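Trainee: Below: one structure in structure tokens.
Quick look at the structure:
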């Protein structure tokens with residue numbers, strides 16, 4: 001039995017979840033709660049190398065199944081090397097993307113069978129799911145406009161997909177929200193960052209001391 005709490009942050013591109021996670025760090029540090037923040041794909045050295053392969057805009061030849069399997073491999077290594085050890089220590093783990101991203105992006109976005117993705121996710125994680133998933137929802141056009149305006153982020157291979165593709169991804173997230181309402185909580189990410197952070201803290205306060 002894992003002693004820590006596992007929380008994932010999910011959302012379409014441009015939803016701002018990474019900015020929210022960054023804003024949470026100093027708040028959590030004042031509470032004396034042992035925690036880590038990490039990301040997918042990535043989080044550990046091997047997984048970060050896989051991330052570079054997946055997101056490189058030059059890798060346009062990557063097949064949708066290859067893409068999925070790269071994410072799954074990254075997830076497995078990240079889980080066993082970083083996430084599970086932290087949970088075993090009783091720490092709070094906050095991860096920027098996890099299993100739901102594969103369902104939304106490779107399932108709804110790429111059109112792969114969700115049942116196959118669910119099986120692969122379960123295989124890679126030994127059935128581990130987040131205790132809580134924060135889903136940051138935003139209109140696709142607004143999210144992509146944010147990316148275009150950002151000076152800190154260049155468009156990666158997935159950012160460059162069509163608006164219709166990104167809309168399918170968002171539909172995937174909304175489907176997950178409907179399928180697992182007890183695990184997934186929706187947050188309006190179209191609001192100013194300060195309000196999004198406040199809403200996030202309100203949801204977190206139901207589970208942890210913040």
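In full-length UniProt numbering, the protein residues as written are 1 to 210.
Ideal Cβ positions, reconstructed from N, Cα and C, are used throughout, including at glycine.
Quantities reported herein were computed from a predicted structural model and do not represent experimental measurements.
For a test of the three-state rule: what should DSSP assign to residue 161, helix, strand or coil?
Mentor: coil
Trainee: Could you tell me the alpha carbon to alpha carbon distance between residue 133 and residue 10, rounded to whole angstroms?
Mentor: 7 angstroms
Trainee: Which whole-angstrom value is the C-beta distance of residue 68 and residue 158, which I expect to be below 8 angstroms?
Mentor: Contact doesn't hold; Cβ gap of about 13 angstroms is too wide.
Trainee: Would residue 99 pass as a contact of residue 65 if the rule is Cβ separation under 8 angstroms?
Mentor: Going by C-beta atoms, residue 99 is not nearer than 8 angstroms to residue 65.
Trainee: Measuring CA to CA, which of 183, 49, 101 and 45 is closest to residue 6?
Mentor: 183
Trainee: Let me check understanding here. Comparing Cα to Cα, which of 94, 136, 142 and 125 lies closest to residue 73?
Mentor: 125
Trainee: When DSSP labels each residue in this structure, what does residue 149 get in the three-state scheme?
Mentor: helix
Trainee: Compute the distance between the beta-carbons of residue 111 and residue 3, then report whether it is under 8 angstroms.
Mentor: no
Trainee: State the beta-bridge partners of residue 8 as determined by DSSP.
Mentor: The partner list for residue 8 (beta bridge, DSSP) reads 95 and 133.
Trainee: Less than 8 angstroms between the C-beta atoms of residue 31 and residue 209, yes or no?
Mentor: Cβ atoms of residue 31 and residue 209: closer than 8 angstroms.
Trainee: Taking DSSP as the reference, what is the three-state secondary structure of residue 51?
Mentor: helix
Trainee: Around the C-beta of residue 144, are 16 or more other C-beta atoms found within 10 angstroms, so that it is buried, or is it exposed?
Mentor: Around the beta carbon of residue 144, 16 or more other beta carbons sit within 10 angstroms, so the residue counts as buried.
Trainee: Does residue 47 pass the burial test, meaning 16 or more other C-beta atoms within 10 Å, or should it be called exposed?
Mentor: buried
Trainee: According to DSSP, what are the bridge partners of residue 25?
Mentor: None; residue 25 has no bridge partner.
Trainee: Mark residue 15 as exposed unless 16 or more other C-beta atoms lie within 10 angstroms of its C-beta, in which case mark it buried.
Mentor: buried
Trainee: Can you name the residues that DSSP bridges to residue 186?
Mentor: 135
Trainee: Between the beta-carbon of residue 94 and the beta-carbon of residue 201, is there less than 8 angstroms?
Mentor: no
Trainee: For residue 92 and residue 107, what's the separation of their Cα atoms in angstroms?
Mentor: 29 angstroms
Trainee: For residue 39, which of helix, strand or coil comes out of DSSP?
Mentor: Strand, per DSSP.
Trainee: Considering only C-alpha positions, which residue in the set 172, 8 and 21 is nearest to residue 194?
Mentor: 21
Trainee: As a quick exercise: from 102, 192, 141 and 138, pick the residue whose alpha carbon is nearest that of residue 122.
Mentor: 102
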